[in-house]
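First comes the structure, then the notes that go with it.
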């Protein structure tokens, strides 16, 4: 079914903010610099800068290529991709800040709990940072993080309905081989960020992550998890903005030390082939289940930005089963039976 | 959402027919050797044998590995995979003959025109042959074919409703580079099979194929088409059984001569990288759009049989655009703008 948002067009220069035209487009809601929208945009753009800087520094050879685009309907984005570096084979860090009228199908795809609602057309605002970092070395893990903020106005056919806002996001680690100290370090950093806000956050969002990154047809998870939350609006809005900021700022300390330890570890063709098989699972999850991806495909978003999450290379062998007790088997076992790492 | 058919189990020996238990399971409908069900099963099993023989002969090195499985609910299948041969990196030829009670979601996935119906539980019979053949040489095309036959009984909550049957299938070619003589030969063989039955078949099913193998989010087709039809029941049942048989028998003469011409063509790393990018598109189509695949994933079918269609290796580069006028560009252009080949 065709559910299409107008096509994005490349633009030559990064604007200071994608919100400039927002007030005019939506009529009445203020987007002053103190609004949550404006501060969220600033946060994700700062995070994009600092993560890209840290990746380039750790890579030592590759540089991010930047594409800036705008949507005639409202807003735009900045896609940055580093390809074929020394450490990463593909690293994408995208921000987008878009608004307009959301087709009902897109609304249901965007909001998990609305899957069975049938709303009319809804004015929306959506901003997010999304990143997938695929290293070359099979002992160095893939990292994904994504933090996003949504607002909807009242549906046009129900003008009295309340406005809504919600936060979503998470950071998760996908190694091909388990190094306990790496996984513990990663999860500890997630817990540290969570614990600054609410002691229930880490256990709750850790489980949510294990549940979300589930490849149902394989009965296994994509990786070793981290944190994930969605449709979050039952806390103070300012608190959740600070929490999302803290999570985004935790990406570098959680990930870069692991990369430094593993990027030069010698490996064999067999190690590489196993990494490629796990990359195949990554592709399966993203194309079949991931809400961000399916949302993007449905709404006709910028395909290259959406699918930059896919690895440079992947592999599918028929009926591959790692030998019981092997390092490959241990990884698979942890994907089938999620563990507590701290 | 959990829509699960009972898990298949491996069995040691190929049965002469998977239909033996059918009458008992469904009560009353005869599956004697003259039934369409029984003859369709024989046809697809003969086709599996002859295609596998032809592939092994052309490959010269690889052999098919066979897995036989049965479903406690009824029926089973034979999966054959040749991996890492001399000519093919992955070749899968599967037959399945299954029956039981179909969950409503699965029924909607199986029958395109039923997408918006909400039937109750439906007794069904489904048999098919499905094959994807991925060669190593980037100048040798991938082939896919699939022929299937469905029957449903009246839904349990509407005992008076009519029984239904329909045929579906097709054969299509996915090269990474265009050799006009190959594509013409392939389409001519499809037309020849069609013309034996109805002069309207080839033009109609050629267009249906172009429409079906459409990667909407890329605005391009997976390959250079062939024939495709689905939900076909508005012709004589015997005629359609003969037609499906003719199509299945056309696979070898349509494909093997092309492979013989291209399997040893020298190629560069750049040719291989382009083939890998096109394989990425193959993965995108199969996981996001293909009805057989999404049907299989929803119903908890045998995952290794379903995903054997995925290539051994695939590649995704950010924002790759072939140079205008290049051989790669010509292929892409033909995937964007389907052509008449004969």
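Residue numbers (this note's numbering), protein chains in the order written: chain D, 68 to 409; chain Y, 68 to 409. Using N, Cα and C, we set each Cβ at its ideal position, and we do this for glycine too.
Of the residues D:235, D:203, D:327 and D:245, which one's Cα is nearest the Cα of residue 214 of chain D? D:235
Chain D contacts made by the region 139–150 of chain Y, where a contact means CB separation under 7 angstroms: 148 and 150
Output, in chain order, the set of chain Y residues within a Cβ distance shorter than 8 angstroms of residue 378 of chain D. 383
Does residue 371 of chain Y have its Cβ less than 7 angstroms from a Cβ in chain D? yes
Just to check my reading of the structure: residue 308 of chain Y and residue 107 of chain Y have Cβ atoms closer than 8 angstroms, yes? What is that Cβ distance to the nearest angstrom? 6 angstroms
Give me the Cβ distance between residue 317 of chain D and residue 260 of chain D, rounded to the nearest whole Å; I'm assuming they're in contact under 8 angstroms. 4 angstroms
Looking at the unbroken beta strand (DSSP E) that takes in residue 332 of chain D, where does it start and where does it end? No beta strand (DSSP E) holds residue 332 of chain D; DSSP gives it neither H nor E.
For a cutoff of 7 angstroms on Cβ pairs, would you count residue 201 of chain D as touching chain Y? no
Please tell me whether residue 338 of chain D has its Cβ less than 7 angstroms away from any Cβ of chain Y. no
Considering only residues of the region 249–327 of chain Y, which uninterrupted beta strand (DSSP E) runs meet the minimum length of 3 residues and lie entirely inside it, listed in chain order? 293–299
Step through the CB atoms of chain Y and report whether any lies within less than 7 angstroms of the CB of residue 210 of chain D. no
For residue 414 of chain Y, which of helix, strand or coil comes out of DSSP? Any question about residue 414 of chain Y goes unanswered here, given that chain Y covers just 68 to 409.
Mind pulling the chain D residues with CB within less than 7 angstroms of residue 414 of chain Y? No answer is possible for residue 414 of chain Y: it lies beyond the span of chain Y, which begins at 68 and ends at 409.
If you draw a straight line from the alpha carbon of residue 339 of chain Y to that of residue 151 of chain D, how long is it in whole angstroms? 17 angstroms
Which residues in chain D sit within 7 angstroms of residue 355 of chain Y, going by Cβ to Cβ distance? 354 and 364
Roughly how far, in whole angstroms, is the beta-carbon of residue 202 of chain Y from the beta-carbon of residue 156 of chain Y, given that I think they are within contact range, below 8 angstroms? 7 angstroms
I want to see whether chain D comes within less than 7 angstroms of residue 386 of chain Y, judged by CB atoms only; does it? yes
Look at residue 352 of chain D and residue 289 of chain D and say whether their C-beta atoms are less than 7 angstroms apart. yes
Would you verify that the beta carbon of residue 162 of chain D is, or is not, closer than 7 angstroms to some beta carbon of chain A? No chain A is present in this structure, whose protein chains are D and Y.
Buried or exposed: which applies to residue 376 of chain Y, given that a residue is buried once 16 or more other Cβ atoms fall within 10 Å of its Cβ? buried
Under three-state DSSP, which class holds residue 220 of chain D? coil
From the beta carbon of residue 375 of chain Y, is the nearest beta carbon of chain D less than 7 angstroms away? yes
With 16 as the cutoff for other CB atoms within 10 Å, does residue 369 of chain D come out buried or exposed? buried
Check the DSSP bridge columns for residue 135 of chain Y and list the partner residues they point to. Y:78 and Y:145
Does DSSP classify residue 94 of chain Y as helix, strand or coil? In this prediction, residue 94 of chain Y has a pLDDT of 49, which is less than 50 and means its spatial position is unreliable; what the coordinates show is noted afterwards. Three-state DSSP puts residue 94 of chain Y in coil, outside helix and strand.
Count the other CB atoms within 10 Å of the CB of residue 94 of chain D; is the residue buried (16 or more) or exposed (fewer)? Legend: pLDDT at residue 94 of chain D = 49, less than 50; position of this residue unreliable, value from coordinates given subsequently. Exposed is the call here.
Candidates D:401, D:127, D:121 and D:336: closest to residue 250 of chain D by CA position: D:401
Where residue 30 of chain Y sits in the DSSP three-state scheme: A query on residue 30 of chain Y cannot be resolved here, the shown segment of chain Y reaching from 68 to 409 and no further.
When Y:277, Y:313 and Y:268 are compared against residue 301 of chain Y, the one with the closest alpha-carbon: Y:268
Report the three-state DSSP secondary structure of residue 399 of chain Y (helix, strand or coil). helix
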